Amino acid sequence: MIERKARTIFGALFVLVALAPGLRADQQAATQYPSEHGLYTVSYESLLDPIVINRMHSWILTVRNADGTPVDDAEITVDGGMPAHNHGLPTQPRVTQKLGEGRYKVEGLRFHMQGHWEMKIGIAASGKTDTVIIPLDL
Amino acid sequence: MRRAILPAAVLAIAAAALAGWRWHTAAPAPWTDAEIEILRSLWIGSLPPLPPDPTNAVADDERAARFGQRLFFDVRLSGNGAVSCATCHQPARRFTDGLPKAVGIGTARRNTRSIVGSAYSPWQYWDGRRDSLWAQALTPLETPVEQGGDREKIVALVATDPDYRSRYEALFGALPATDDVHGVDRAFANLGKAIEAYERRILPGPSRFDAYVEAVIAGDTAAQHATFSDDEIRGLRLFIGEANCTQCHNGPLFTNNEFHNTGVIAFPGEVPDKGRVQGVREVLADPFNCAGEFSDDPTHDCPELDFARTGVTLIGAMRTPSLRNLGGAQPYMHEGQFATLADVLENYNEAPLAMIGHNEAKPLGFGSRKLRELEAFLETLDAPLATPVEWLAPPSGTGDRQQEQQR
Chain S
42 MIERKARTIF
52 GALFVLVALA
62 PGLRADQQAA
72 TQYPSEHGLY
82 TVSYESLLDP
92 IVINRMHSWI
102 LTVRNADGTP
112 VDDAEITVDG
122 GMPAHNHGLP
132 TQPRVTQKLG
142 EGRYKVEGLR
152 FHMQGHWEMK
162 IGIAASGKTD
172 TVIIPLDL
Chain Z
675 MRRAILPAAV
685 LAIAAAALAG
695 WRWHTAAPAP
705 WTDAEIEILR
715 SLWIGSLPPL
725 PPDPTNAVAD
735 DERAARFGQR
745 LFFDVRLSGN
755 GAVSCATCHQ
765 PARRFTDGLP
775 KAVGIGTARR
785 NTRSIVGSAY
795 SPWQYWDGRR
805 DSLWAQALTP
815 LETPVEQGGD
825 REKIVALVAT
835 DPDYRSRYEA
845 LFGALPATDD
855 VHGVDRAFAN
865 LGKAIEAYER
875 RILPGPSRFD
885 AYVEAVIAGD
895 TAAQHATFSD
905 DEIRGLRLFI
915 GEANCTQCHN
925 GPLFTNNEFH
935 NTGVIAFPGE
945 VPDKGRVQGV
955 REVLADPFNC
965 AGEFSDDPTH
975 DCPELDFART
985 GVTLIGAMRT
995 PSLRNLGGAQ
1005 PYMHEGQFAT
1015 LADVLENYNE
1025 APLAMIGHNE
1035 AKPLGFGSRK
1045 LRELEAFLET
1055 LDAPLATPVE
1065 WLAPPSGTGD
1075 RQQEQQR
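So the protein sequences, as listed, match chains S and Z. Its first residue numbered 42, the first sequence is counted upward by one per residue in this note's numbering. Its first residue numbered 675, the second sequence is counted upward by one per residue in this note's numbering.
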């Protein structure tokens, strides 16, 4: 009986547990990150909202040219890490679907520590390559 | 004029000493809301239900757990008839063995990890070279220095022991013919799945730390002070703050189950352990992994394997262990390099250069008082397991026979 009650309380409290969140989904989509050489901009939307540590999840990236037109046939690489700890991501995420209108689904993302992360998105389209850094504080 | 300097200096030193003394004896400050959220994230009440294992159709079948318990304690599965899973994973020692490196038929290359709560991890072993408890359980059975058995003999034992045979067939159907190599592989995998069903029940129970967090959440200061000493509170504050422990030891099991190089050096004369960089190669090649033909998941959806990181950044990286129930689980680290918690903390205090790869940790540079406070806090994480005692010993009716085999 006590065990069952405890389990119910634990279950209810687990729902309330939130580890440090990143940007909310509406803030993410509105934020455009320019590439290093100004060729592209990228915004991201996490399908796990808020982003919590230790959960595998996916993002939708939207890639645009500098003039705002969507980039559809880009080769995208996804990397990242924590500069303060000199280590990379715990997983090797990659683009699994090109959704059109500049949108790309990235699967296999997971952050395993709280703190400052930097995602590094490599974009190659029409022979032009550039890199976007997306900062992320968890 | 000069005479006044000495008393002034004495007074200044006395005032500084008094300030220092007051700093250490003053009651710890109340927790901020942000800190309480961190405490709540570490609390055992935040532990979610066990994640399902779709690769094992009997993972939560009690009959499989009863069978697995028998297998776990059975020395007959080993090559010399003297080593069971429980030889190294001893229930009385929180499912470890108190040795620097595991000793089965010979000496293994690493420290025995506890089984407690391991069903929550996507990876097993220090280097994550297996991706399920069932794939893990099969490995020592055939490792020469551990149990040193072989799958044909183990499956034959199950076929000839009437109790095992009926338990097996009720769960998995008929046993294969002895010359059916593929059938023997599958039956061997099934035995691992029964052992996993048992191991999934080995779970941590609430500790004094958890009672303290409950008192903090309830805002009950009297209960807080009845539960934790000021030193333990200071140690906890360091743990979640200045000492950065929750970078890796996070969540209710105090582990992110990921791989980190913390510069723990090898024993003199030993080659440094490659850790995860080798482990990830092995798990991807393991025929019993999530993507393999022995998985019960028809979708073969294996995101952990599919998105597993490989490469040089994982050199010397080992999987973060849980910090629950460290008492009695010494020595610590992947080769049992450190005899005490104080030794472990000293390693983080100094954060030496790694022998291979790089140490992710930065030196803490703490004095002895802070290190003692951290240690005092860590000791509050010891608690009896949540698992009923009937699971913590060989099942009745099997012990005598196995003891005889052992003699």
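Backbone N, C-alpha and C fix where the C-beta goes; we use that ideal spot for every residue, glycine too. Because the structure is a prediction, the values reported are computed rather than measured.
Enclosing alpha helix (DSSP H) for residue i [first to last residue]
i        : result
G742(Z)  : E736 to F746
W705(Z)  : Unbroken run through W705(Z): none, as it is neither H nor E.
V749(Z)  : Looking at the DSSP string, V749(Z) is not in any alpha helix (DSSP H), and its letter there is neither H nor E.
A1067(Z) : Premise fails: A1067(Z) is in no alpha helix (DSSP H) and is neither H nor E.
E826(Z)  : R825 to T834
A165(S)  : First-last for A165(S): H157 to A166, but that is the beta strand (DSSP E), not the alpha helix (DSSP H).
G866(Z)  : V855 to E873
R983(Z)  : Taken as a continuous stretch (DSSP letters only), R983(Z) belongs to no alpha helix (DSSP H), as it is neither H nor E.
S1042(Z) : S1042 to E1053
N1023(Z) : L1015 to E1024
Close beta carbons around residue i, own chain, < 7 Å, minus the five adjacent residues each side
i        : result
G143(S)  : T103, V104, R105, P111, V112 and D113
A1035(Z) : T936, G937, Y1022 and A1025
A760(Z)  : F746 and F747
A70(S)   : S84 and E86
H923(Z)  : T929, T994 and L997
K775(Z)  : T781, A782, R783, R784, N785, E1009 and G1010
L815(Z)  : L751, Q821, G823 and I828
F1012(Z) : P1005, Y1006, V1018 and N1021
K1044(Z) : L912
A166(S)  : V112, D114 and A115
N931(Z)  : S795, P796, W797, R993 and T994
E77(S)   : D171 and T172
L1048(Z) : G909, L912, F913, A917 and L1019
A731(Z)  : D970
R768(Z)  : S788, V790, N999, G1002 and A1003
K169(S)  : L80
T1061(Z) : R875, I876 and L877
G879(Z)  : A1057, P1058, L1059 and A1060
Cβ separation of residue i and residue j, assumed to be a contact under 8 Å, to the nearest whole Å
i       : j        : result
V790(Z) : I869(Z)  : Incorrect: roughly 15 Å between the Cβ atoms, too far for contact.
R839(Z) : P1069(Z) : So it is not a contact: roughly 16 Å between Cβ atoms.
R804(Z) : T813(Z)  : 6 Å
L150(S) : W100(S)  : 6 Å
A107(S) : Y81(S)   : 7 Å
D734(Z) : A871(Z)  : 7 Å
A861(Z) : L849(Z)  : 6 Å
V119(S) : P134(S)  : 5 Å
W717(Z) : D894(Z)  : Not quite, the Cβ-Cβ distance comes to about 15 Å (not below 8 Å), so this is no contact.
G943(Z) : D801(Z)  : Rounded, the Cβ-Cβ distance is 21 Å, inconsistent with contact.
Residue interval of the beta strand (DSSP E) (run including residue i)
i       : result
N106(S) : H98 to N106
K169(S) : K169 to D178
L150(S) : R144 to L150
T137(S) : R135 to G141
D120(S) : E116 to M123
E86(S)  : Y81 to S87
Own chain, CB closer than 8 Å to residue i, minus 5 neighbours either side, in chain order
i        : result
N963(Z)  : R804, D805, S806, A809, V957, S969, C976 and L979
R48(S)   : In this prediction, R48(S) scores a pLDDT of 45, lower than 50, which makes its location untrustworthy; the coordinate-derived value is nonetheless stated afterwards. Around R48(S): no qualifying Cβ.
P62(S)   : Its pLDDT being 45, under 50, P62(S) is placed unreliably by the model, and the measurement read from it follows with that caveat. Answer for P62(S): P91, I92, V93 and L179, listed in chain order.
N1033(Z) : N935, T936, G937, A1025, P1026 and L1027
R737(Z)  : R841, A844 and L845
G985(Z)  : V951
S903(Z)  : A1050
V832(Z)  : Y838, R839, Y842, L849, A861 and L865
Heavy atom of the ligand FAD within 7 Å of residue i beta-carbon
i       : result
G772(Z) : The model on display carries no ligand, and the ligand FAD is accordingly not part of it.
Beta-carbon proximity list for residue i, same chain, < 6 Å, skipping 5 on both sides
i        : result
Y74(S)   : V83, V173 and I175
A1067(Z) : none
T770(Z)  : T786, S788 and A1003
W1065(Z) : R875
G866(Z)  : W808, A811 and L812
I712(Z)  : I914
F1040(Z) : N1023
H1097(Z) : What the structure shows of chain Z is the stretch from 675 to 1081, and residue 1097(Z) is not part of that stretch, so it cannot be assessed.
Which residue spans inside the stretch 880-953 of chain Z form an unbroken alpha helix (DSSP H) run of at least 4? For the stretch 880-953 of chain Z, whole alpha helix (DSSP H) runs of length 4 or above, ordered along the chain, are 882-892, 895-901 and 904-914.
Can you pull out the residues from the stretch 130-151 of chain S whose beta carbon lies closer than 9 Å to at least one beta carbon of chain Z? Going along the stretch 130-151 of chain S in chain order, one finds L130, P131, T132, Q133, P134, R135, E148, G149, L150 and R151 with a Cβ nearer than 9 Å to chain Z.
Residues within the stretch 934-954 of chain Z neighbouring chain S, beta-carbon criterion of under 7 Å: Result list empty, no residue passes.
Can you list, in chain order, the stretches of the alpha helix (DSSP H) that have 4 or more residues and sit fully within the stretch 751-821 of chain Z? DSSP assignment within the stretch 751-821 of chain Z yields the following whole alpha helix (DSSP H) runs of 4 residues or more, N-terminal first: 759-762 and 807-816.
Beta carbons nearer than 9 Å to chain Z: which residues of the stretch 106-127 of chain S have them? Correct list: G122, M123, A125, H126 and N127.
Can you pull out the residues from the stretch 1034-1065 of chain Z whose beta carbon lies closer than 7 Å to at least one beta carbon of chain S? In summary, the residues of the stretch 1034-1065 of chain Z whose CB is separated from some CB of chain S by less than 7 Å are E1034, in the order they occur in the chain.
Return the residues of the stretch 968-986 of chain Z that lie within a Cβ-Cβ distance of less than 9 Å from chain S, sorted by chain order. Under the 9 Å Cβ criterion, the stretch 968-986 of chain Z contributes P977, E978, D980, F981, A982, R983, T984 and G985.
At a Cβ cut of 7 Å, what residues of the stretch 73-102 of chain S count as close to chain Z, listed as they run along the chain? Of all residues in the stretch 73-102 of chain S, I94, N95 and M97 have a Cβ within less than 7 Å of some Cβ in chain Z.
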